[in-house]
Amino acid sequence: MPRVRPHVRRPTRARVTLVATGLVGSLLVVAGIVTAGVLRVLIGPHHDTSLAAATAALCAVALPLVAWSAWHAAGGVLRPLEEFEAELDEILTADLGRRLDETPGDPSAGLAHRMNAVLDRLEDAAVRRRAFIADASHELRTPLTGLRARIELALVDPAEADLVETLRYSLRDTERLHRIVEDLFALARMDSGEEPARERIDLGALVEGELAHRAPPVPVTAKVESGVGVEANRLQLSRVLLNLLANAERHAVATIEVEVRGEGAEAVVEVRDDGPGVPPADRDRIFERFSRLDTARDRAAGGSGLGLAIAREIAVGHGGRLYVADTAHGARLVLRLPLRYGNGDASG
Numbered sequence: 208m209p210r211v212r213p214h215v216r217r218p219t220r221a222r223v224t225l226v227a228t229g230l231v232g233s234l235l236v237v238a239g240i241v242t243a244g245v246l247r248v249l250i251g252p253h254h255d256t257s258l259a260a261a262t263a264a265l266c267a268v269a270l271p272l273v274a275w276s277a278w279h280a281a282g283g284v285l286r287p288l289e290e291f292e293a294e295l296d297e298i299l300t301a302d303l304g305r306r307l308d309e310t311p312g313d314p315s316a317g318l319a320h321r322m323n324a325v326l327d328r329l330e331d332a333a334v335r336r337r338a339f340i341a342d343a344s345h346e347l348r349t350p351l352t353g354l355r356a357r358i359e360l361a362l363v364d365p366a367e368a369d370l371v372e373t374l375r376y377s378l379r380d381t382e383r384l385h386r387i388v389e390d391l392f393a394l395a396r397m398d399s400g401e402e403p404a405r406e407r408i409d410l411g412a413l414v415e416g417e418l419a420h421r422a423p424p425v426p427v428t429a430k431v432e433s434g435v436g437v438e439a440n441r442l443q444l445s446r447v448l449l450n451l452l453a454n455a456e457r458h459a460v461a462t463i464e465v466e467v468r469g470e471g472a473e474a475v476v477e478v479r480d481d482g483p484g485v486p487p488a489d490r491d492r493i494f495e496r497f498s499r500l501d502t503a504r505d506r507a508a509g510g511s512g513l514g515l516a517i518a519r520e521i522a523v524g525h526g527g528r529l530y531v532a533d534t535a536h537g538a539r540l541v542l543r544l545p546l547r548y549g550n551g552d553a554s555g
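Just so you know, we're using the working numbering here: the sequence shown kicks off at 208 and counts up by one.
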């Protein structure tokens with residue numbers, strides 16, 4: 208979201224000089240008056256005119272000297288800051304890849320180091336944003352192109368077009384567009400830092416409920432331990448489970464296995480399929496947004512490329528983990544969340 212920059216008056220050389228001159232000049236005036244009073248007591252009241260003239264002359268000479276010293280001192284203090292600000296403005300407006308000078312011994316080296324760290328984060332965020340926008344545009348363009356082509360072909364020669372087949376493929380493309388848009392909205396909500404309400408949930412019961420509403424293309428074997436409780440947002444946790452199950456269904460050949468159990472201080476959900484598996488080098492990449500693998504486990508089966516990324520971000524947001532574990536064949540995705548109660552004790 209856009210941020211309003213607060214209106215802060217930046218200290219200028221003239222302003223610093225004026226303040227310094229005023230402070231030091233006031234001290235000189237006070238010192239002159241005190242000195243004049245002491246001298247009057249010591250030399251008597253007969254030289255008041257000479258004493259006043261000497262005091263005034265001293266102040267008249269001292270104040271310009273103070274102003275001149277303050278001017279040069281302010282320039283020495285503010286010049287590095289002005290150069291620092293000018294260089295930072297140039298970086299932010301022209302070249303985000305540049306960095307500030309961190310010369311050892313420079314008074315501004317520490318500030319430059321911290322600003323460079325901020326610039327690193329800004330550049331990384333900008334790169335990620337550009338990549339995300341490019342990937343999102345590509346993902347949206349693919350089904351839109353197919354949808355438009357089929358409709359245009361049907362309109363060119365309505366008599367030859369198979370209306371049912373056209374509608375079937377158009378519906379498939381529309382469903383894919385819907386999934387992508389929903390996933391983009393989910394990511395936008397998480398990126399905004401929104402903290403949804405949480406409640407105690409029986410993880411086993413939630414998994415059984417999700418399985419009951421699905422019609423998988425292959426048999427699913429479930430091993431669910433009762434009383435495995437977590438504290439989570441129900442909608443987000445359901446989305447994690449749905450994404451894990453959908454991923455397994457896209458790649459399974461003959462079977463899917465789901466297991467829920469308590470393990471130490473963690474609640475564990477494992478989803479296994481007997482598909483082509485995930486190479487060790489790609490086990491982290493599959494959780495990146497719009498990731499593309501050079502293997503059979505890609506998005507050819509209709510995935511949006513965001514499901515596992517969303518699932519991992521939700522898991523991390525709940526203090527847990529989501530990763531690919533070793534297995535003899537296929538893929539084994541493991542979700543671990545902090546265990547809040549167990550052994551059927553929902554009150555604990």
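All C-beta atoms, glycine included, are put in the ideal place defined by N, C-alpha and C.
Compute the Euclidean distance between the alpha carbons of residue i and residue j, then round it to the nearest angstrom.
i	j	result
Gly537	Val460	9 Å
Gly411	Gly469	10 Å
Thr381	Arg355	11 Å
Ile387	Pro545	30 Å
Arg441	Val334	33 Å
Met397	Asp369	42 Å
Ala503	Ala518	Residue confidence for Ala503 is low, a pLDDT of 46 falling below 50, so the modelled location carries little weight; the figure read from the coordinates is stated next. Rounded to the nearest angstrom, the two C-alpha atoms are 21 Å apart.
Arg506	Ala319	Here the model assigns Arg506 a pLDDT of 46, short of 50, so the residue's position is not dependable, and the following value carries that caveat. Each residue's alpha carbon lies about 44 Å from the other.
Ala332	Arg305	15 Å
Arg421	Thr428	13 Å
Leu449	Glu417	7 Å
Pro359	Asp390	The amino acid at residue 359 is misidentified as Pro; the sequence shows Glu. So the two alpha carbons sit approximately 28 Å from each other.
Ala488	Ser433	35 Å
Val371	Ser344	29 Å
Arg556	Ala455	A query on residue 556 cannot be resolved here, the shown segment of the chain reaching from 208 to 555 and no further.
Val541	Thr462	17 Å
Glu401	Phe339	20 Å
Met322	Pro403	33 Å
Glu367	Thr373	11 Å
Ala393	Ile493	18 Å
Arg336	Asp296	22 Å
Gln443	Ala419	18 Å
Ala293	Ala522	43 Å
Thr300	Val325	15 Å
Glu495	Asp327	20 Å
Gly317	Gly524	33 Å
Arg407	Gly471	18 Å
How would you write the range of the alpha helix (DSSP H) that residue i sits in, first residue to last?
i	result
Ile521	514–524
Ile387	370–398
Pro413	It is worth fixing the name first, because residue 413 is Leu in this sequence and not Pro. Its alpha helix (DSSP H) spans residues 410–419.
Val447	441–458
Can you have a look at residue i and say buried or exposed, based on whether 16 or more other CB atoms are within 10 angstroms of its CB?
i	result
Leu529	buried
Gly526	exposed
Glu520	buried
Val409	According to the sequence shown, residue 409 is Asp rather than Val. Buried, since its Cβ has 16 or more Cβ neighbours within 10 Å.
Glu346	buried
Leu362	exposed
Val485	buried
Leu329	exposed
Ala453	buried
Measuring CA to CA, which of the options is closest to residue i?
i	options	result
Pro451	Ala439, Leu394, Glu466	Per the sequence presented here, residue 451 reads as Leu, with Pro not at that position. Comparing Cα-Cα distances from Leu451 to each of Ala439, Leu394, Glu466, the minimum goes to Glu466.
Gly482	Arg539, Ala429, Val476, Ser445	Arg539
Asp342	Ala488, Ile521, Gly512	Gly512
Phe497	Ala516, Arg306, Asn323	Ala516
Arg348	Arg446, His385, Glu520	His385
Val475	Arg379, Arg547, Leu295	Arg547
Leu378	Val425, Ala338, Val414, Arg357	Arg357
Thr534	Glu477, Leu394, Gly524	Glu477
Arg383	Glu406, Thr352, Leu444, Leu413	Thr352
Glu473	Glu438, Arg375, Glu464	Glu438
Arg543	Arg457, Pro426, Val435, Ala419	Val435
Val414	Ala338, Pro423, Ser445	Ser445
Lys430	Val447, Arg479, Glu367	Arg479
Arg490	Glu464, Ala532, Arg407, Tyr376	Ala532
Val425	Arg375, Glu464, Gly471	Glu464
Arg457	Gln443, Pro423, Gly471	Pro423
Val447	Tyr376, Gly514, Asp364	Gly514
Pro350	Thr300, Arg407, Tyr376	Tyr376
Can you tell me where the beta strand (DSSP E) with residue i in it begins and where it stops?
i	result
Ala538	538–545
Tyr530	528–531
Asp480	473–480
Thr428	427–431
Arg468	463–470
Using a Cβ cut-off of 8 Å (strictly closer), state whether residue i contacts chain B.
i	result
Leu318	Of the protein chains in the structure, only one exists, and it is not chain B.
Runs of alpha helix (DSSP H) lying entirely within the region 328–356, each at least 4 residues, in chain order | The qualifying runs do not exist here; there are none.
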